[in-house]
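Colleague: When you line the sequence shown up against this note's numbering, it's residues 311 to 920, in that order. Ideal Cβ placement from N, Cα and C applies to all residues, glycine included. In this text, all values refer to a predicted model and were calculated from it rather than measured experimentally.
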Amino acid sequence: MGLVTFYYETTLEDRQPVAQMSATVGSPLLAVARAAGIELEATCAGKGRCGQCRVRAVGDLAPVTPTEEKVLSKEELADNIRLACQAKVVGDVEVWVPRAVKGHRILSSGLAQEVEIAPAVQKECVTVAKPSLEDDYSDAERLQMALGASDRLSLDLLQALPLTLRQENHLVTVVKGAGELLGIEPGDTTDRVYGIAFDIRTTTVVGSLVDLKTGRELAVHSALNGQVPYGADVISRINYTVEEAQGLATLQGAIIATLNEIIQKLVAETKINAEEIYQVVVVGNTCMQHLLLGIPPRYLAEAPYSPCFRDSVSTYAKDLGLAVFPRALVQTLPNIAGYVGGDTVGVLLATDLQRKEEPTLMVDIGTNGEIALAWKGRILACSTAAGPAFEGAQIRQGMRAAPGAIEGVRLGPEDVELQVIGSEEPVGICGSGLLDAVAELLRRGLLDSTGRLLQPEQVPADVSDRIKNRLIPSEGGVDFVLAWGPGGKPKVTLTQGDIRQFQLAKGAIYSGITVLLKEMGVTVEELGEVLLAGAFGNYLDKKSAVTVGLLPKISPAKITSVGNAARTGAYLALASKKLLGKAQEIARGTVHVELSGRWDFQETFMEAMM
Numbered sequence: 311m312g313l314v315t316f317y318y319e320t321t322l323e324d325r326q327p328v329a330q331m332s333a334t335v336g337s338p339l340l341a342v343a344r345a346a347g348i349e350l351e352a353t354c355a356g357k358g359r360c361g362q363c364r365v366r367a368v369g370d371l372a373p374v375t376p377t378e379e380k381v382l383s384k385e386e387l388a389d390n391i392r393l394a395c396q397a398k399v400v401g402d403v404e405v406w407v408p409r410a411v412k413g414h415r416i417l418s419s420g421l422a423q424e425v426e427i428a429p430a431v432q433k434e435c436v437t438v439a440k441p442s443l444e445d446d447y448s449d450a451e452r453l454q455m456a457l458g459a460s461d462r463l464s465l466d467l468l469q470a471l472p473l474t475l476r477q478e479n480h481l482v483t484v485v486k487g488a489g490e491l492l493g494i495e496p497g498d499t500t501d502r503v504y505g506i507a508f509d510i511r512t513t514t515v516v517g518s519l520v521d522l523k524t525g526r527e528l529a530v531h532s533a534l535n536g537q538v539p540y541g542a543d544v545i546s547r548i549n550y551t552v553e554e555a556q557g558l559a560t561l562q563g564a565i566i567a568t569l570n571e572i573i574q575k576l577v578a579e580t581k582i583n584a585e586e587i588y589q590v591v592v593v594g595n596t597c598m599q600h601l602l603l604g605i606p607p608r609y610l611a612e613a614p615y616s617p618c619f620r621d622s623v624s625t626y627a628k629d630l631g632l633a634v635f636p637r638a639l640v641q642t643l644p645n646i647a648g649y650v651g652g653d654t655v656g657v658l659l660a661t662d663l664q665r666k667e668e669p670t671l672m673v674d675i676g677t678n679g680e681i682a683l684a685w686k687g688r689i690l691a692c693s694t695a696a697g698p699a700f701e702g703a704q705i706r707q708g709m710r711a712a713p714g715a716i717e718g719v720r721l722g723p724e725d726v727e728l729q730v731i732g733s734e735e736p737v738g739i740c741g742s743g744l745l746d747a748v749a750e751l752l753r754r755g756l757l758d759s760t761g762r763l764l765q766p767e768q769v770p771a772d773v774s775d776r777i778k779n780r781l782i783p784s785e786g787g788v789d790f791v792l793a794w795g796p797g798g799k800p801k802v803t804l805t806q807g808d809i810r811q812f813q814l815a816k817g818a819i820y821s822g823i824t825v826l827l828k829e830m831g832v833t834v835e836e837l838g839e840v841l842l843a844g845a846f847g848n849y850l851d852k853k854s855a856v857t858v859g860l861l862p863k864i865s866p867a868k869i870t871s872v873g874n875a876a877r878t879g880a881y882l883a884l885a886s887k888k889l890l891g892k893a894q895e896i897a898r899g900t901v902h903v904e905l906s907g908r909w910d911f912q913e914t915f916m917e918a919m920m
């Protein structure tokens, strides 16, 4: 056994104990930290690939692993920096961890759209005839007669019916949905009926509480997806369910806990009773919906990438453990294919893409890039494995959009100008900052067309010495210093490896777009509009996106950010059962274009790396 003591801050002199844990010999520091309630970034699910679980550790640890030697620099190793997922406890250890990052910027707003309110779940107040000696009707039969329907009552409703009828002198409110009775309440409660629309993304989750009588959105809250520690992308999480005996249960439990956390915030803000939430609509990619429902997603990762289901699934909240009305309907939007899911259907529903008069492209950029192209009522869709680079993962000093993240970069005449979230000291770089940095380096001639950072003596003569001095030698060739720290030491740097990760991600997106244009028989010049969905699409600089070849050579005036349109789609399906049905039609009418194995995709991808 060993005693592991955790501290915040980064210097050996600054001892602020956070927690202590006894650990068995051989336990990775990452597992010990989690057991102590300290959540370290580990977007590769502890495989040692992302390098984000860096800590400073001193004490009895197993020797540095080959993985650490590959990921960490010689200077970092000399400074006792270790990867928490690789460093294993031998005896007593002291560990310094980064302070927990608060206030991640999660996009919750989307398109504003009017809709006729007619949800799948509704309430009806009725007066039930009282029993008498002259009739022998049961309580259930008299309720059915009052409703004018022979709806079947489930056992739990029958168990509660006698007392419920007599609490308010046989005046009751029934909750109806999906052709069945979901609940029976004493008195008239028709003015209190609520629902929640959830957008479950790979990294973040957003939920909005909606008054189902008026359609008014009462509150919105968000949180990081609780599955993130088990992998940054869907493939990592699928692998986790395969490799770990309880992997599927763990990931399902993590997302349910996240949803319940948001539910708790929503009801606390609005002061409503969670038992009055009768409907939940969920959008998410195909893998996220499988994990939510506890359905093994294994075969999504194996050709031909078949999902277990594509149609909308409806179940009860109690079957998932959601902290709302137990028999609340939980409904998912339908999927299109293994990697084009309900979130894409939500965007298509919210943007009404198929009714656009000109060829219109929709791009939702995340760990997967979902792309759709609509023209003349026809919709094509595909998915590209962009990887997590746009969300800061697999970037040496990458991070999510949180205070301290560099989100904008400009190379002025004399030096670098940074835009940092929260106007704080920079500690890392997020996706929009990465895009800007690459575009600016290319524009000023510090980066060549192959993506290679130049040596200081190779850059154009009009580049100032202050900018030129930011090009520093490294093990990977040349790094570019975005921010200096104390003593003139590099604090945040962009590495050659970071640029390669960016090239892979943007090349995948661009190639997917190119294939869809070809399939539809549309040229870039004919495109009427490009819609960018999701957080990265909302915050990126449109000109930079075109400059680096993430998007086709199109006027930035034709590029429109539609925000979190997936959540808007979930709201529409929650507010209107007709639109929930329309979502099903969209999913069935969209043609999925499978990119794997297509020679034209591979060819375009190699060109798009430039």
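Should the segment 609–623 be regarded as contacting the segment 560–580, the criterion being three or more beta carbon pairs within less than 8 Å?
Modeller: Contact fails: fewer than three Cβ-Cβ distances are below 8 Å.
Colleague: Following the continuous beta strand (DSSP E) through D509, name the residue where it begins and the one where it ends.
Modeller: Here residue 509 refers to the residue found at position 199 when the sequence shown is read from its first residue. Looking at the DSSP string, the run of the beta strand (DSSP E) that includes D509 is 504–510.
Colleague: Could you check how far apart the C-beta atoms of S821 and T654 are, in whole angstroms? I think they sit under 8 Å.
Modeller: As a first step, residue 821 must be located in the sequence shown, where it is residue number 511. As a first step, residue 654 must be located in the sequence shown, where it is residue number 344. At roughly 18 Å, the Cβ-Cβ gap does not stay under 8 Å, so S821 and T654 are not in contact.
Colleague: Return helix, strand or coil for A410, following the three-state DSSP convention.
Modeller: Taking the sequence shown and counting its residues from 1, the one referred to as residue 410 is at position 100. With a pLDDT of 49 at A410, under the threshold of 50, the modelled position of that residue is not reliable, and no figure is offered here.
Colleague: Could you give the residue range of the beta strand (DSSP E) that holds A533?
Modeller: Working through the sequence shown from its first residue, we reach residue 533 at position 223. Note, A533: beta strand (DSSP E), 527–534.
Colleague: In this structure, does DSSP put M919 in helix, strand or coil?
Modeller: Your numbering for residue 919 matches position 609 in the sequence shown. Here M919 sits in coil by DSSP.
Colleague: Any contact between the segment 709–727 and the segment 879–892? By contact I mean 3 or more CB pairs, one from each, below 8 Å.
Modeller: No, the segment 709–727 does not touch the segment 879–892.
Colleague: Are at least three pairs of beta-carbons, each pair with one atom in the segment 573–591 and one in the segment 625–636, less than 8 Å apart?
Modeller: They touch, by the three-pair rule.
Colleague: Quick one: does the C-beta of P472 sit closer than 7 Å to a heavy atom of the ligand GTP?
Modeller: This structure does not include the ligand GTP; it has no bound ligands of any sort.
Colleague: Can you check which of these residues, T514, E727, A696, V903, is closest to N535 by C-alpha distance?
Modeller: On the sequence shown, position 225 is the one that residue 535 refers to. With distances taken between Cα atoms, N535 lies closest to T514.
Colleague: For G487, which residues does DSSP report across the bridge?
Modeller: Taking the first residue of the sequence shown as 1, we reach residue 487 at position 177. Answer is V431, E490, bridged to G487.
Colleague: For E835, count neighbouring C-beta atoms within 10 Å of its own C-beta (all shown protein chains included) and say buried if the count is 16 or more, exposed if not.
Modeller: By one-based count along the sequence shown, residue 835 stands at place 525. Answer is exposed; the Cβ neighbour count stays below 16.
Colleague: For the segment 649–663 and the segment 788–806, state whether three or more C-beta atom pairs, one from each stretch, are separated by less than 8 Å.
Modeller: No contact exists between the segment 649–663 and the segment 788–806.
Colleague: Touching or not, the segment 497–510 and the segment 428–442, by the rule of three or more beta carbon pairs under 8 Å?
Modeller: Yes: at least three Cβ pairs fall under 8 Å.
Colleague: Would you say K863 and V856 are within 8 Å of each other, going by their C-beta atoms?
Modeller: Your numbering for residue 863 matches position 553 in the sequence shown. Your numbering for residue 856 matches position 546 in the sequence shown. Against a cut-off of 8 Å, the Cβ pair of V856 and K863 comes out as a contact.
Colleague: Can you list, in chain order, the residues of its chain whose CB lies under 6 Å from that of P796, leaving out five sequence neighbours each side?
Modeller: Residue numbering aside, residue 796 sits at position 486 when the sequence shown is read from its first letter. None.
Colleague: What does DSSP give as the partner residues of Q589 in its beta bridges?
Modeller: On the sequence shown, position 279 is the one that residue 589 refers to. G505, L639, per the DSSP bridge assignment.
Colleague: Assuming A843 contacts M672 under a Cβ cut-off of 8 Å, what Cβ separation, rounded to an integer in Å, is found between them?
Modeller: What you label residue 843 is simply residue 533 of the sequence shown in a count that begins at 1. What you label residue 672 is simply residue 362 of the sequence shown in a count that begins at 1. Contact flag correct, Cβ pair sits at about 6 Å.
Colleague: Using the rule of at least 16 other Cβ atoms within 10 Å of the residue's Cβ for burial, across every protein chain shown, is V368 buried or exposed?
Modeller: By one-based count along the sequence shown, residue 368 stands at place 58. With fewer than 16 Cβ atoms within 10 Å of its Cβ, V368 is classed as exposed.
Colleague: State the Cα-Cα distance for the pair K666 and A684, rounded to the nearest angstrom.
Modeller: By 1-based counting over the sequence shown, the position of residue 666 is 356. By 1-based counting over the sequence shown, the position of residue 684 is 374. Distance between the alpha carbons of K666 and A684 is about 7 Å.
Colleague: From V407, T377, V485, pick the residue whose C-alpha is nearest to that of V314; which is it?
Modeller: To locate residue 314, count along the sequence shown from 1; it is residue 4. Nearest of V407, T377, V485 to V314, Cα basis: V407.
Colleague: Helix, strand or coil: how does DSSP classify R665 here?
Modeller: Residue 665 sits at position 355 when you count from the first residue of the sequence shown. The answer is helix: DSSP assigns R665 an H, G or I state.
Colleague: For H531, collect the residues of the same chain with a Cβ closer than 7 Å to its Cβ; drop the 5 residues on either side in sequence, then sort them by chain order.
Modeller: Reading the sequence shown from its first residue, position 221 is the one you call residue 531. Cβ neighbours of H531 beyond the five flanking positions: G517, I572, K575, L576.
Colleague: On the three-state DSSP scale, how would you describe S854?
Modeller: As a position in the sequence shown, residue 854 is number 544, starting the count at 1. Residue state, collapsed to three classes: helix.
Colleague: Could you check the C-alpha separation between L905 and I548 for me, to the nearest Å?
Modeller: Position 595 of the sequence shown, counting from 1, holds the residue named residue 905. Position 238 of the sequence shown, counting from 1, holds the residue named residue 548. Roughly 20 Å between the two C-alpha positions.
Colleague: What three-state label does DSSP hand I545 in the structure shown?
Modeller: Sequence index remark: in the sequence shown, residue 545 carries index 235 (1-based). If DSSP states are grouped into helix, strand and coil, I545 belongs with the helices.
Colleague: Counting beta carbon pairs with one atom in the segment 329–336 and one in the segment 349–366, are three or more of them shorter than 8 Å?
Modeller: These segments do not touch.
Colleague: Based on Cα-Cα distance, which residue from D509, A428, S742, V719 lies nearest to S886?
Modeller: Looking up residue 886 in the sequence shown gives position 576. When each option's Cα is compared against that of S886, the closest is A428.
Colleague: Alpha carbon to alpha carbon, how far is H480 from L528?
Modeller: On the sequence shown, residue 480 is found 170 positions in, with the first residue counted as 1. On the sequence shown, residue 528 is found 218 positions in, with the first residue counted as 1. Cα to Cα, the separation comes out at about 32 Å.
Colleague: Look up Q811 in the DSSP assignment and say whether it is helix, strand or coil.
Modeller: Taking the sequence shown and counting its residues from 1, the one referred to as residue 811 is at position 501. Residue state, collapsed to three classes: helix.
Colleague: State the Cα-Cα distance for the pair S448 and T483, rounded to the nearest angstrom.
Modeller: As a working mapping, residue 448 is identified with position 138 in the sequence shown. As a working mapping, residue 483 is identified with position 173 in the sequence shown. S448 and T483: Cα-Cα distance of roughly 18 Å.
Colleague: Kindly list the residues whose CB is nearer than 7 Å to the CB of N390, restricted to its own chain and excluding five residues on each side of it in sequence; keep chain order.
Modeller: Along the sequence shown, one-based indexing puts residue 390 at 80. For N390, where only same-chain residues beyond five positions count, the Cβ hits under 7 Å are R366, A367, V368.
Colleague: In three-state terms, what does DSSP make of A367?
Modeller: Against the sequence shown, residue 367 aligns to sequence position 57. DSSP places A367 in strand when its eight states are reduced to three.
Colleague: Can you have a look at G525 and say buried or exposed, based on whether 16 or more other CB atoms are within 10 angstroms of its CB?
Modeller: For the purposes of this step, residue 525 is identified with residue 215 of the sequence shown, where counting begins at 1. G525 is buried by the Cβ-count criterion.
Colleague: Could you check the C-alpha separation between E724 and N779 for me, to the nearest Å?
Modeller: Working through the sequence shown from its first residue, we reach residue 724 at position 414. Working through the sequence shown from its first residue, we reach residue 779 at position 469. Those two C-alpha atoms are separated by around 11 Å.
Colleague: Since L643 contacts G656 with CB under 8 Å, what's their CB separation in whole angstroms?
Modeller: Against the sequence shown, residue 643 aligns to sequence position 333. Against the sequence shown, residue 656 aligns to sequence position 346. About 6 Å separates the two Cβ atoms, so the contact holds.
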